[in-house]
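S.K.:
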Amino acid sequence: MGATKIKEIFDSFVAMDVMIGGRAVRCAAPTDTLNTYQTAHLPIRVLNPINRYSSNMFYSTDTWNINLGSGVNQMHWTIVDVLLFEAINQTQGLKAINGQIIDYVKDYTTKLADGALNLPENAFVESVSMKPDVIEYPLASNNFFYGVITIVQIKEKVA
């Protein structure tokens, strides 16, 4: 029976360069995530397995066993990639950042379509949703950022 490659899946997201204004946005892996982010860190993509941005959880949301035996051979992972673009009080507001947020969403979807997310063998993107929003990070901190919440469903065959 095979083992999951969830760490490699996260590493694939970290390695995917997504651009804003011609500049790659740094991505913090779950092990590199800070408790809080200041303006100097921005923009940044945060991969955090503990999140409130998805109704699904970080770990497998569904398993499937085609032979009805005791082993799991398919996992559905929910990966939440949160862009913290700019503190909400940093510029003139939405008018100043809307174009850049749209460019980010466009570049992210283009990279996914072009295969820039180099997932491990037996894993593939099942669905993607993106929500530009005002994001409080961390929760209950009263720190708000313009950003994008990207939820990617990954299907992985593990056996």
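Using the numbering used here, the letters of the sequence shown map in sequence onto residues 1 to 159. The C-beta atom is built at its ideal place from N, Cα and C for all residues, glycine as well.
1) Can you list, in chain order, the residues of its chain whose CB lies under 8 Å from that of Ile44, leaving out five sequence neighbours each side?
2) Enumerate in chain order the residues of its own chain whose CB-to-CB distance from Leu34 is below 8 Å, with the five nearest sequence positions on each side excluded.
3) Decide yes or no for the touch test of the region 2-11 against the region 142-156: beta carbon pairs closer than 8 Å, at least 3 of them.
4) Short of 8 Å in beta carbon distance, which residues of its chain neighbour Met57, apart from the five on each side in sequence? Order them along the chain.
5) Quick one: is Ala123 buried, meaning 16 or more other Cβ sit within 10 Å of its Cβ, or exposed?
6) Look at the alpha carbon of Ile147 and the alpha carbon of Lys106, and state the distance between them as a whole number of angstroms.
7) Can you check which of these residues, Glu121, Lys5, Ile102, is closest to Asp133 by C-alpha distance?
8) Measuring straight from C-alpha to C-alpha, what distance separates Gly115 and Tyr137?
9) Going by DSSP, which residues form a beta bridge with Ala15?
10) Can you tell me where the alpha helix (DSSP H) holding Tyr146 begins and where it ends?
11) Under DSSP, the beta strand (DSSP E) around Ala96 begins and ends at which residues?
M.R.: In terms of the structure at hand:
1) Taking the sequence shown and counting its residues from 1, one reaches residue 44 at position 44. Val25, Arg26, Cys27, Ala28, Tyr37, Leu83, Leu84, listed in sequence order.
2) Working through the sequence shown from its first residue, we reach residue 34 at position 34. Excluding sequence neighbours, Leu34 sits near Ala28, His41.
3) yes
4) Start at 1 with the first residue of the sequence shown, and residue 57 comes out as number 57. In this prediction, Met57 has a pLDDT of 47, which is less than 50 and means its spatial position is unreliable; what the coordinates show is noted afterwards. Correct list, in chain order: Thr78.
5) On the sequence shown, residue 123 is found 123 positions in, with the first residue counted as 1. By the neighbour-count rule (16 or more Cβ atoms within 10 Å), Ala123 is buried.
6) Within the sequence shown, the letter at position 147 stands for residue 147. Within the sequence shown, the letter at position 106 stands for residue 106. A small fix is needed here, since residue 147 is Gly in this sequence, not Ile. Straight-line Cα distance between these residues: approximately 14 Å.
7) As a working mapping, residue 133 is identified with position 133 in the sequence shown. The shortest C-alpha separation from Asp133 is found at Ile102.
8) As a first step, residue 115 must be located in the sequence shown, where it is residue number 115. As a first step, residue 137 must be located in the sequence shown, where it is residue number 137. The straight-line gap from Cα to Cα measures roughly 30 Å.
9) Position 15 of the sequence shown holds residue 15. Answer is none; Ala15 lacks a bridge partner.
10) Taking the first residue of the sequence shown as 1, we reach residue 146 at position 146. Taken as a continuous stretch (DSSP letters only), Tyr146 belongs to no alpha helix (DSSP H), being part of the beta strand (DSSP E) at 144-157.
11) Counting from one through the sequence shown, the residue named residue 96 turns up at place 96. Looking at the DSSP string, Ala96 is not in any beta strand (DSSP E); the run it does join, the alpha helix (DSSP H), is 94-113.
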